[in-house]
Amino acid sequence: MSKLLTILPATTQQGLSIITTITNHPTLRSEYTLRGLARNPSSPAAQSLTTELGIEVLPADLNNSSTLPSALTNTHTLILITKTDYSVPDLKHQELTQVQNVISACPSTIKHIIFSSAVPTHPHGREVDVYDSKYAAEEALRGLSPSVKVSVFYPGMFMQNFETFMKPLPDPVPDPEGDGGLVVYNVVDGGKKIPLVDAGRDMGKFVVPILKGDTGVVYAASGVWSFDEVVVIMGRVMGRKVRYVRVEEEVYAGFMPGQMGRKVVDMLRFYDEVGYYGGDEEGKVRETLRLVEGVRGFEEFVGEKLVNLV
Ligand SMILES: NC(=O)c1ccc[n+]([C@@H]2O[C@H](COP(=O)([O-])OP(=O)(O)OC[C@H]3O[C@@H](n4cnc5c(N)ncnc54)[C@H](OP(=O)(O)O)[C@@H]3O)[C@@H](O)[C@H]2O)c1
Numbered sequence: 000m001s002k003l004l005t006i007l008p009a010t011t012q013q014g015l016s017i018i019t020t021i022t023n024h025p026t027l028r029s030e031y032t033l034r035g036l037a038r039n040p041s042s043p044a045a046q047s048l049t050t051e052l053g054i055e056v057l058p059a060d061l062n063n064s065s066t067l068p069s070a071l072t073n074t075h076t077l078i079l080i081t082k083t084d085y086s087v088p089d090l091k092h093q094e095l096t097q098v099q100n101v102i103s104a105c106p107s108t109i110k111h112i113i114f115s116s117a118v119p120t121h122p123h124g125r126e127v128d129v130y131d132s133k134y135a136a137e138e139a140l141r142g143l144s145p146s147v148k149v150s151v152f153y154p155g156m157f158m159q160n161f162e163t164f165m166k167p168l169p170d171p172v173p174d175p176e177g178d179g180g181l182v183v184y185n186v187v188d189g190g191k192k193i194p195l196v197d198a199g200r201d202m203g204k205f206v207v208p209i210l211k212g213d214t215g216v217v218y219a220a221s222g223v224w225s226f227d228e229v230v231v232i233m234g235r236v237m238g239r240k241v242r243y244v245r246v247e248e249e250v251y252a253g254f255m256p257g258q259m260g261r262k263v264v265d266m267l268r269f270y271d272e273v274g275y276y277g278g279d280e281e282g283k284v285r286e287t288l289r290l291v292e293g294v295r296g297f298e299e300f301v302g303e304k305l306v307n308l309v
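In this text, residue positions in the sequence shown follow numbering that gives the first Met the number 0: the first is 0, and each later residue adds one.
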């Protein structure tokens, strides 16, 4: 009999990618029946899951514990993604509370929770709220019950960030011969390699080996690239002059509203000084890629998503 697999929240980039992958997978699509959860099941994103893929979507809000018990009823496998909200004063507490809300609402039918987590920073003497909230949540899930298996995937940095807050900007230095160059700004050493993932297209492919029982830990990235390499690829694919400029942390933080800049800079300092996955990023990603098929690299992402963006 098909097992009920619930995705919370279903309308995230990660959730949508996971749903698309499972519904197209030759064996998983019959092994599992999917249920999506969203704050508003009548939103266009939630509605398209129902009309295009025939998936039931029920209401659930990670921050509202009363919505969760009925939404999780009969679930066998739960794929859980937290929402980082930079606008609340204590985002770390809020993200951990989201998972505690889920733990309190888990029905006895749950046998497997697959969590989108982050590696621990404390073994490196660091505090990084956006990471620490997820790792604390991972530990809380592991303490839930011996009868509930907990698997994790650690998403790399989303390539989609280059469409939003890491987007290449017009170069203030004029280029009289070209159509104007572009600059990618960040605080990380230009040579430091960072794992990247096309979260919207590929996250589901990284969850497949977990669902097939091949592993319980996945480093979800299709490779590692430095900012120096990122701008070379952008320049080649976009046919523009693109350069990387490393700026002071306070300057970079000032590009973002409220506390977001400071929180993001704390995280970027961890990438720079310790490593996105706490070290050996290349080795961890290589091991995962042995289990994963069909993910795409940064070059393909730039060709599809960034050429018309700027
Ligand atoms: N950006 C990166 O490089 C990166 C890297 C690693 C990890 N992450 C982590 O990835 C997570 C975000 O994932 P994502 O980008 O896939 O998400 P996303 O697309 O930004 O999520 C947006 C969706 O979340 C849903 N949502 C918002 N608040 C909710 C709530 N209280 N309860 C239920 N659903 C809620 C909304 O759906 P509805 O309105 O339909 O409910 C909305 O469509 C964060 O935890 C972030 O820290 C990001």
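Note that CB positions come from ideal geometry on N, CA and C, so glycine has one too.
Predicted model only: the values in this text are computed from it and were never measured.
Kindly identify the DSSP beta-bridge partner or partners of residue i.
{"i": "I112", "result": "L77, V149"}
{"i": "M156", "result": "L195"}
{"i": "P169", "result": "L181"}
{"i": "R34", "result": "T5, E55"}
{"i": "Y218", "result": "Y153"}
{"i": "V309", "result": "DSSP lists no partner for V309."}
{"i": "V101", "result": "Answer is none; V101 lacks a bridge partner."}
{"i": "V223", "result": "P194"}
Applying the criterion that 16 or more other CB atoms from any shown protein chain within 10 Å of the CB defines a buried residue, is residue i buried or exposed?
{"i": "P256", "result": "exposed"}
{"i": "P310", "result": "A question about residue 310 goes unanswered here, because the residues of the chain that appear run from 0 up to 309."}
{"i": "R211", "result": "This sequence places Lys at residue 211; Arg is not what is there. Exposed is the call here."}
{"i": "P68", "result": "exposed"}
{"i": "G190", "result": "exposed"}
{"i": "F164", "result": "exposed"}
{"i": "L308", "result": "exposed"}
{"i": "P169", "result": "exposed"}
{"i": "S1", "result": "exposed"}
{"i": "H111", "result": "buried"}
{"i": "S115", "result": "buried"}
{"i": "G14", "result": "buried"}
{"i": "G253", "result": "exposed"}
{"i": "N185", "result": "buried"}
{"i": "T120", "result": "buried"}
On the premise that residue j lies in contact with residue i, defined as a C-beta separation below 8 Å, what is that separation, rounded to the nearest angstrom?
{"i": "M233", "j": "L305", "result": "7 Å"}
{"i": "K204", "j": "W224", "result": "At roughly 18 Å, the Cβ-Cβ gap does not stay under 8 Å, so K204 and W224 are not in contact."}
{"i": "V183", "j": "Y243", "result": "5 Å"}
{"i": "A198", "j": "F161", "result": "That belief does not hold up - the Cβ atoms of A198 and F161 are roughly 12 Å apart, past 8 Å."}
{"i": "F269", "j": "I209", "result": "With 8 Å as the limit, F269 and I209 do not qualify as a contact, their Cβ atoms being about 25 Å apart."}
{"i": "L4", "j": "A59", "result": "The Cβ separation is near 15 Å, so there is no contact."}
{"i": "V262", "j": "V129", "result": "Before going further, note that residue 262 is Lys rather than Val in the sequence given. Between V129 and K262 the Cβ distance is about 6 Å, and since that is below 8 Å, they are a contact."}
{"i": "S221", "j": "R295", "result": "6 Å"}
{"i": "G35", "j": "A45", "result": "7 Å"}
{"i": "T74", "j": "I102", "result": "Actually they do not touch by this definition, with Cβ atoms about 13 Å apart."}
{"i": "A80", "j": "T11", "result": "Here residue 80 is Ile; the residue named in the question, Ala, does not match the sequence. So it is a contact: roughly 5 Å between Cβ atoms."}
Closer than 7 Å: is that where the CB of residue i sits relative to any heavy atom of ligand 1?
{"i": "M255", "result": "no"}
{"i": "K283", "result": "no"}
{"i": "A252", "result": "no"}
{"i": "I80", "result": "yes"}
{"i": "D227", "result": "no"}
{"i": "R38", "result": "yes"}
{"i": "S42", "result": "yes"}
{"i": "D279", "result": "no"}
{"i": "F300", "result": "no"}
{"i": "T50", "result": "no"}
{"i": "T10", "result": "yes"}
{"i": "L61", "result": "yes"}
{"i": "A135", "result": "no"}
{"i": "A104", "result": "no"}
{"i": "P316", "result": "Given that the chain is displayed from residue 0 to residue 309, the structure contains no residue 316 and the question cannot be resolved."}
{"i": "F157", "result": "yes"}
{"i": "Q13", "result": "yes"}
{"i": "V223", "result": "no"}
{"i": "V129", "result": "yes"}
Determine whether the Cβ of residue i lies closer than 8 Å to any Cβ atom of chain B.
{"i": "N39", "result": "The structure shown contains no chain B; it holds only a single protein chain."}
Heavy atom of ligand 2 less than 7 Å from the Cβ of residue i, yes or no?
{"i": "T83", "result": "Ligand 2 is not part of this structure, which contains only ligand 1."}
Alpha helix (DSSP H) segments (min. 4 residues) lying fully within the segment 230 to 277: 248 to 252, 259 to 272
Continuous alpha helix (DSSP H) assignments of at least 4 residues falling wholly in the segment 45 to 72: 67 to 71
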